[in-house]
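Structure first, then comments.
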């Protein structure tokens, strides 16, 4: 990365993430595209500016599914290998909303941690490049299961690392819909109780859920004030402003977990999706007219439709 022009480098990675997920969506007739629109800058900022990760120790082309983990399965491996070795001084990354897996895979490609051919394995039988990422999927360290479960697992990992004297940070990406779930709030108050300031959480606050806009499904606002009342340090920023994301990550929060509420737009960079409101959860192309509209926008926005990697 160019240290003198890091913002442009991060933005370039974010654009690449959007392009790859958009291209995949066109090629396959659907995909979690709005999640790439809203979170591209968050992923790009984490992987290219904020996280202290070692180089990937995984094969550039993902290995097939090795079977479930067990003491007898000597072939089992962790998807976290793409984030580098797990050493005391290095950071670790955890993806909570695992339906963002395609966005994470695109990020790994854009940052040179996974080969582009890995995206061709997405959601194929026997592949670890799963639609809903699991502990063996590239970039994933554990199975998050239903939304809202990952933060509790990170709590345990962060507490263990603290007791072992490890200095690496623990970065988490969450979706705002997960704050409708009670387990999330139990984890936050426990993070605060154990003073786990090694935990840095970025929230992709795009205001959307599988059932439409969050504020029509359940109330999570005022999110900043609620997080603070549970003992966290919380800050709100424009989630598409990479400089603001970096500044927020460096806010002092001694003895408290840090939550960055990144306010984002579910069609940012691909404005042709806006008429789909309020349903953005999964973009499925159902008509030729729709496909033509999306392809024309892709050509205008990214310079041409490519159905290879």
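Residue numbers (the numbering used here): 1 to 309.
Note that CB positions come from ideal geometry on N, CA and C, so glycine has one too.
Contact check, residue i vs residue j, beta carbons under 8 angstroms
i	j	result
residue 85	residue 118	no
residue 177	residue 209	yes
residue 273	residue 267	yes
residue 248	residue 237	yes
residue 158	residue 201	no
residue 87	residue 269	no
residue 187	residue 172	no
residue 256	residue 205	no
residue 94	residue 170	yes
residue 179	residue 108	no
residue 36	residue 21	yes
residue 98	residue 39	no
residue 135	residue 92	no
residue 52	residue 239	no
residue 124	residue 82	no
residue 175	residue 144	no
residue 110	residue 207	no
residue 26	residue 288	no
residue 138	residue 105	yes
residue 155	residue 196	yes
residue 183	residue 148	yes
residue 61	residue 115	yes
residue 220	residue 235	no
Beta bridge counterpart(s) of residue i as assigned by DSSP
i	result
residue 203	174, 261
residue 92	170
residue 64	127
residue 213	208
residue 284	30
Helix, strand or coil at residue i according to DSSP, with G and I counted as helix
i	result
residue 236	strand
residue 208	strand
residue 219	coil
residue 180	helix
residue 39	helix
residue 134	coil
residue 57	coil
residue 164	coil
residue 146	coil
residue 52	coil
residue 156	helix
residue 194	coil
residue 188	helix
residue 5	helix
residue 230	coil
residue 303	coil
residue 141	coil
residue 295	helix
residue 245	helix
residue 16	helix
residue 278	coil
residue 256	coil
residue 308	For residue 308, the pLDDT reaches just 49, beneath the cut-off of 50, and the residue's location in the model is therefore unreliable, leaving the point undetermined.
residue 47	helix
Interface flag, residue i vs chain D, CB-CB below 8 angstroms
i	result
residue 74	Absence of chain D from the displayed structure is noted, only one protein chain being present.
Residue ranges of each beta strand (DSSP E) within the region 70-123, 3 or longer = 92-95
ask   = If we count Cβ pairs, one from each stretch, closer than 8 angstroms, do we get three or more for the region 289-302 versus the region 65-76?
value = no
task = Determine contact between the region 127-135 and the region 156-175, defined as no fewer than three beta-carbon pairs at a distance below 8 angstroms.
result = no
key: Segment contact, 8 angstroms Cβ cut-off, at least three pairs: the region 241-257 with the region 209-219   = no
task = Decide yes or no for the touch test of the region 41-48 against the region 73-82: beta carbon pairs closer than 8 angstroms, at least 3 of them.
result = no
query = Does the region 276-292 come close enough to the region 251-264 that 3 or more CB-CB pairs lie under 8 angstroms?
reply = Taking one beta carbon from each stretch, the region 251-264 and the region 276-292 have fewer than 3 pairs nearer than 8 angstroms; the two do not touch.
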